[in-house]
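Novice:
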Amino acid sequence: MQYLKLTPILIVFGIIEIILLIFAFNYLFIDNKGGMALAGTLAFIGAVGNIVILSVEQIIANNVANSKLLWLVEIILIVLIALYISINGITFWQ
Numbered sequence: 004m005q006y007l008k009l010t011p012i013l014i015v016f017g018i019i020e021i022i023l024l025i026f027a028f029n030y031l032f033i034d035n036k037g038g039m040a041l042a043g044t045l046a047f048i049g050a051v052g053n054i055v056i057l058s059v060e061q062i063i064a065n066n067v068a069n070s071k072l073l074w075l076v077e078i079i080l081i082v083l084i085a086l087y088i089s090i091n092g093i094t095f096w097q
């Protein structure tokens, strides 16, 4: 069994994963009135998609030999994603 390799995407998306799971549990089981169950369902779908992204990233990270280059590429990727979201929002169509 291989361990998780600490990378910037694992840190950022790990925090997002925890937040999504808390929202999904809260809106599906505790505060599900007025359509908030849909928000919980969407948060759960986002959490599952996030797990898939983290799994693929860890498979790639375990096969890369140069950790410094991996960190540089992932930091640039996170900054570009944050820049895209700050300009266009979370939507992918306009």
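Sequential numbering of the sequence shown, starting at 4, is according to this note's numbering.
Heads up, the beta-carbon is just placed ideally off N, CA and C, and yes, glycines get one too.
This one's a predicted model, so the numbers in the text were calculated from it and none came from an experiment.
In three-state terms, what does DSSP make of residue 6?
Specialist: For the purposes of this step, residue 6 is identified with residue 3 of the sequence shown, where counting begins at 1. Coil at residue 6, not helix or strand.
Novice: Taking only runs of the alpha helix (DSSP H) that begin and end inside the stretch 10-57, which ones reach a length of at least 4 residues, in chain order?
Specialist: Counting whole runs of 4 or more residues, the stretch 10-57 contains the alpha helix (DSSP H) stretches 11-28.
Novice: Assuming the contact rule is C-beta atoms closer than 8 Å, residue 31 and residue 49 should be a hit. Round their C-beta distance to whole Å, please.
Specialist: By one-based count along the sequence shown, residue 31 stands at place 28. By one-based count along the sequence shown, residue 49 stands at place 46. Not confirmed; about 13 Å, so no contact.
Novice: Less than 8 Å between the C-beta atoms of residue 27 and residue 46, yes or no?
Specialist: Taking the first residue of the sequence shown as position 1, residue 27 is located at position 24. Taking the first residue of the sequence shown as position 1, residue 46 is located at position 43. Result yes, Cβ atoms of residue 27 and residue 46 sit closer than 8 Å.
Novice: Less than 8 Å between the beta carbons of residue 81 and residue 15, yes or no?
Specialist: Mapped onto the sequence shown, residue 81 falls at position 78. Mapped onto the sequence shown, residue 15 falls at position 12. Result yes, Cβ atoms of residue 81 and residue 15 sit closer than 8 Å.
Novice: On the three-state DSSP scale, how would you describe residue 85?
Specialist: For the purposes of this step, residue 85 is taken as the residue at position 82 of the sequence shown. DSSP places residue 85 in helix when its eight states are reduced to three.
Novice: Label residue 43 either buried or exposed according to how many other C-beta atoms from any shown protein chain fall within 10 Å of its C-beta, with 16 as the threshold for buried.
Specialist: Here the question's residue 43 lines up with position 40 in the sequence shown. Buried, by the Cβ-count rule.
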